[in-house]
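For any residue, its number in my numbering is found by taking its place in the sequence shown, counting from 1, and adding 5.
The structure appears right after this line, and notes come after that.
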Amino acid sequence: MATPQKLRCRVQKITDHGDHVYTIDLAPERPLPRFKPGQFLHLTLDDYDPSGFWPESRVFSIASSPAQRDDLRISYSVRGRYTTRMENELQEGRMVWVKLPYGDFVIRDAGNLVLLAGGTGITAFIAFI
6 MATPQKLRCR VQKITDHGDH VYTIDLAPER PLPRFKPGQF LHLTLDDYDP SGFWPESRVF
66 SIASSPAQRD DLRISYSVRG RYTTRMENEL QEGRMVWVKL PYGDFVIRDA GNLVLLAGGT
126 GITAFIAFI
């Protein structure tokens with residue numbers, strides 16, 4: 006697995022699906038590290054100083070294709086304090102920090118698959134398609 010990297014990203018697009026469910030398209034300042042479908046990232050709304058500690062963040066499944074190294078997509082539903090903050094503060098053009106990739110929920114040459122998920126749990130599977 007790739008060593009996680011910290012990247013600044015610009016919020017390119019916010020899609021409101023209704024019922025407090027959103028998809029966020031991010032444009033990283035440099036190409037993304039290699040990742041595999043099923044992996045996740047940490048996203049923080051707060052400023053990050055590379056000489057300090059990583060600020061409060063939440064984890065989100067990566068919904069982008071691993072072939073796209075200049076675009077990053079996540080989806081989330083508002084369920085708590087942090088995602089409420091995201092709903093209130095995120096807007097197109099804003100800068101955020103992410104660190105990725107994490108996780109080992111990857112499928113190795115499995116052939117045919119049946120993937121079942123509910124709600125925004127589908128996000129982890131989108132990158133497999």
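The beta carbon of each residue, even a glycine, is placed where N, CA and C say it ideally should be.
- Fewer than three Cβ pairs drawn from the stretch 6-16 and the stretch 60-68 lie within less than 8 Å of each other, which leaves the two stretches out of contact.
- For arginine 78, no alpha helix (DSSP H) segment is defined; the enclosing uninterrupted segment is the beta strand (DSSP E) at 77-82.
- In summary, serine 56 is exposed, with fewer than 16 beta-carbon neighbours lying within 10 Å of its beta-carbon over all protein chains present.
- In the DSSP assignment, threonine 28 falls outside any alpha helix (DSSP H) and within the unbroken beta strand (DSSP E) covering 26-33.
- For histidine 25, the closest of Met100, Gln73, Arg90, Asp52 by C-alpha to C-alpha distance is Arg90.
- Rounded to the nearest whole angstrom, the CA to CA distance from aspartate 54 to asparagine 117 is 44 Å.
- A residue is called buried once 16 or more other Cβ atoms fall within 10 Å of its Cβ, and alanine 68 is buried on that count.
- With contacts defined as CB atoms closer than 9 Å, proline 71 and lysine 41 qualify as a contacting pair.
- Valine 16 and glutamate 97 do touch by the CB rule: their CB atoms are close to 5 Å apart, below 8 Å.
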